[in-house]
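**Q** Following this message is one structure expressed as structure tokens.
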Amino acid sequence: MPRYYIWTIGCQMNKAESERLGVLFCQQGYKPAATVNEADFVILNSCIVRQKAEERVEDKIKTLEVLKRSRPALRIALTGCLVDSDLDVLKRRFPHIDYFFKPGEYPGWLGDKGSAFILLEQPQVSTFVPIIQGCNNFCSYCVVPYRRGKEKSRPVNEVIGEVEHLVGRGSREVVLLGQNVDSFGCDLPDKPDLANLLHQLNEIEGLARIRFLTNHPKDMGDRLIGAIENIEKVCEQVNLPVQSGDDEILRKMRREYTVKQYRKLVEKLRERVPQVALITDVIVGFPSESEKQFQATKKLLSEVKFDTVHVAAYSNRKETLAAKVYKDDILIAKKKERLNSIEKLQTEIAKEINKRLLGEKVEVLVEGRKKGKWYGRSRNGKLVFFTSFENLLGRLVEVRIVDTSPWSLQGEIIDSNR
Ligand code: SF4
């Protein structure tokens with residue numbers, strides 16, 4: 004039986020798409036290979052959001068070139084955000100690659116009909132489900148709209164059908180994915196929105212939890228906040244990238260909100276959903292970012308106190324507006340210094356937030372075992388480890404927190420049958 008191997012670089016969307024590609028390969032009679040050397044078909048799912056990711060992709064492409072030379076029968080496919088519309092250029096640049104297909108587009112020879120309702124055979128307890136592809140926002144630093152195209156939502160019935168299927172195969176949680184989930188449904192005939200979808204998914208028997216990411220602060224509306232507040236299975240966790248704490252930088256980033264508007268949204272969310280955990284993204288070293296502007300970002304983080312902050316150094320991506328209009332004028336060393344400074348600050352904040360959970364009871368959905376302990380997440384996304392001799396995979400259990408760190412919690416089980 005021929006074997007396939009998938010290399011995935013990048014975001015959850017790429018991971019979800021690779022999972023689906025794996026299923027399609029299995030349906031074509033392939034088996035997964037343990038290593039790239041044992042594969043007859045290698046798929047590289049690429050990311051070019053940052054320079055570093057692109058360098059990793061280039062390394063893999065070189066490795067594949069060497070492999071192809073020693074094994075000419077090896078088939079190679081490239082997908083993900085490196086694949087743009089100019090396939091001829093890519094073919095000339097990488098003659099050792101046999102197939103190119105754009106992110107989220109499954110090629111006909113894999114047996115897909117174009118849409119992505121793919122029957123996963125053995126889903127994990129928590130499974131990613133893409134609900135909208137592409138992005139219409141064109142933030143000035145971001146390459147995604149150029150590579151993933153315009154927003155395209157999946158029909159509600161297709162998403163529901165897929166989630167029912169996943170639950171039938173053992174999934175208890177779904178994480179709905181989109182570059183901007185707030186736009187879900189805008190392009191569909193009856194214009195359903197994410198709140199509509201969440202209400203319908205909530206009715207699926209056997210599904211315990213629903214999460215979604217990523218939100219855009221300019222688009223997150225009251226209906227969605229109401230859905231988080233009132234729909235039982237929707238978890239209290241929101242991914243709300245702020246990117247900067249300075250209005251001028253936000254304007255240059257084309258984010259279309261001000262720091263004041265962002266803070267108001269956070270206040271509203273916390274007022275209506277007191278348990279909500281907030282996750283944000285920050286870019287440091289955007290062109291022209293002064294020390295004062297950087298300090299404004301730190302001030303925002305110190306005051307809002309997010310549960311998690313993903314911080315990245317600005318990376319100049321040549322198709323983007325920022326690359327065309329602004330000079331990448333912050334030295335790499337300065338970017339690194341700012342990045343480290345935010346990571347240090349956030350470690351202290353997360354330590355303080357998690358410490359408050361000491362002695363508290365939390366509901367955990369058990370996702371697996373690591374180093375002799377069960378692990379899973381609380382409703383608001385905290386990673387919790389605990390010991391039990393029972394098989395608890397996929398179960399909702401109650402755990403008391405006995406130790407905390409900035410990154411995870413340790414607990415002891417109180418009730419294994421919630
Ligand atoms: S919202 Fe902005 S940052 Fe997010 S994918 Fe769209 S263009 Fe990129």
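Count along the sequence shown from 1, add 3, and you get the number used in the working numbering. In this text, a Cβ means the ideal position worked out from N, Cα and C, and glycines have one as well. Nothing here was measured: the structure is a model prediction, and the numbers come from that model.
Rounded to whole angstroms, what's the CA-CA distance from Phe28 to His168? Just pull it up for me.
**A** About 19 Å.
**Q** Just confirm the distance between the C-beta atoms of Pro433 and Tyr329, as a whole number of angstroms; I'd bet it's less than 8 Å.
**A** Examination of residue 433 is not possible in this model, given that the chain is present from 4 through 421 alone.
**Q** Going by C-alpha to C-alpha distance, which of Gln127, Val60 and Ser381 sits closest to Arg23?
**A** Arg23 has its Cα closest to that of Gln127, out of Gln127, Val60 and Ser381.
**Q** For the beta strand (DSSP E) that contains His313, what are its first and last residues?
**A** Thr311 to Ala316 is the extent of the beta strand (DSSP E) around His313.
**Q** Please report the Cβ distance between Ala315 and Ile286, rounded to the nearest whole angstrom; I am assuming they are in contact, meaning their Cβ atoms lie under 8 Å.
**A** Rounded, the Cβ-Cβ distance is 6 Å, consistent with contact.
**Q** When every heavy atom of the ligand SF4 is checked, does at least one fall within less than 7 Å of the C-beta of His219?
**A** Flag set: Cβ of His219 near the ligand SF4.
**Q** Following the continuous beta strand (DSSP E) through Glu366, name the residue where it begins and the one where it ends.
**A** Element bounds for Glu366: Lys364 to Lys373.
**Q** Could you have a look at Arg6 and say whether DSSP puts it in helix, strand or coil?
**A** Arg6 falls in the strand class under three-state DSSP.
**Q** Could you check if Asn76 is buried or exposed, using at least 16 other CB atoms within 10 Å of its CB as the buried criterion?
**A** First, the amino acid is wrong: residue 76 is Ala here, not Asn. Classification for Ala76: exposed.
**Q** Do Pro106 and Arg150 have their CB atoms nearer than 8 Å?
**A** Yes, these two residues count as a Cβ contact at 8 Å.
**Q** Thinking C-alpha only, which one of Arg74, Asn17, Glu57 and Val178 is nearest Phe44?
**A** Nearest of Arg74, Asn17, Glu57 and Val178 to Phe44, Cα basis: Arg74.
**Q** Measuring only from the beta carbon, is Asn140 closer than 7 Å to any heavy atom that is part of the ligand SF4?
**A** Answer for Asn140: yes, Cβ within range of the ligand SF4.
**Q** How should Ser305 be labelled, buried or exposed, when 16 other C-beta atoms within 10 angstroms of its C-beta is the threshold for buried?
**A** When all chains shown are included, Ser305 counts as exposed.
**Q** Under 7 Å from any heavy atom of the ligand SF4, does the C-beta of Val328 make it?
**A** Checking every heavy atom of the ligand SF4 against the Cβ of Val328, none is found closer than 7 Å.
**Q** Look at Ile231 and Val276 and say whether their C-beta atoms are less than 8 Å apart.
**A** Cβ distance < 8 Å, so Ile231 and Val276 count as in contact.
**Q** Could you name the residues that DSSP lists as bridge partners for Pro98?
**A** According to DSSP, which records beta bridges pairwise, Pro98 is partnered with nothing at all.
**Q** The ligand SF4 and Asn183: does the residue's C-beta get closer than 7 Å to at least one heavy atom of that ligand?
**A** Checking every heavy atom of the ligand SF4 against the Cβ of Asn183, one is found closer than 7 Å.
**Q** Considering only residues of the same chain and omitting the five flanking positions on each side of Leu227, which have a CB-CB separation below 6 Å?
**A** Within the same chain, Leu227 has close Cβ partners Leu197 and Ala198.
**Q** What span of residues does the beta strand (DSSP E) with Asp284 cover, start to end?
**A** Looking at the DSSP string, the run of the beta strand (DSSP E) that includes Asp284 is Ala280 to Val287.
**Q** When DSSP labels each residue in this structure, what does Trp377 get in the three-state scheme?
**A** If DSSP states are grouped into helix, strand and coil, Trp377 belongs with the strands.
**Q** Helix, strand or coil for Phe79, going by three-state DSSP, please let me know.
**A** In the sequence on display, residue 79 carries Ile and not Phe. Here Ile79 sits in strand by DSSP.
**Q** Any heavy atom of the ligand SF4 closer than 7 Å to the Cβ of Cys189?
**A** False, no ligand heavy atom lies under 7 Å from that Cβ.
**Q** Between the segment 332-340 and the segment 363-371, do three or more beta carbon pairs fall short of 8 Å?
**A** Flag = no, the segment 332-340 and the segment 363-371 do not touch.
**Q** Pop quiz: Leu70 and Val60 are said to be a contact at Cβ under 8 Å. What is the actual Cβ separation, rounded to whole angstroms?
**A** Actually they are not in contact, since the Cβ atoms of Leu70 and Val60 sit about 15 Å apart, beyond 8 Å.
**Q** Which parts of the segment 222-282 are runs of the alpha helix (DSSP H), unbroken and 4 residues or longer, counting only runs that do not cross its ends?
**A** As far as the segment 222-282 is concerned, its whole alpha helix (DSSP H) runs of at least 4 residues are 225-233, 250-256 and 262-275.
**Q** State the CB to CB distance for the pair Ala19 and Pro133, rounded to an integer number of angstroms; the pair is presumed to be in contact (CB under 8 Å).
**A** That belief holds up - the Cβ atoms of Ala19 and Pro133 are roughly 5 Å apart, short of 8 Å.
**Q** Less than 7 Å between the CB of Cys145 and some heavy atom of the ligand SF4, yes or no?
**A** Yes, the Cβ of Cys145 comes within 7 Å of a heavy atom of the ligand SF4.
**Q** What are the start and end residues of each continuous alpha helix (DSSP H) run of 4 or more residues lying completely inside the segment 183-226, in chain order?
**A** Complete alpha helix (DSSP H) runs here, min 4: 197-205.
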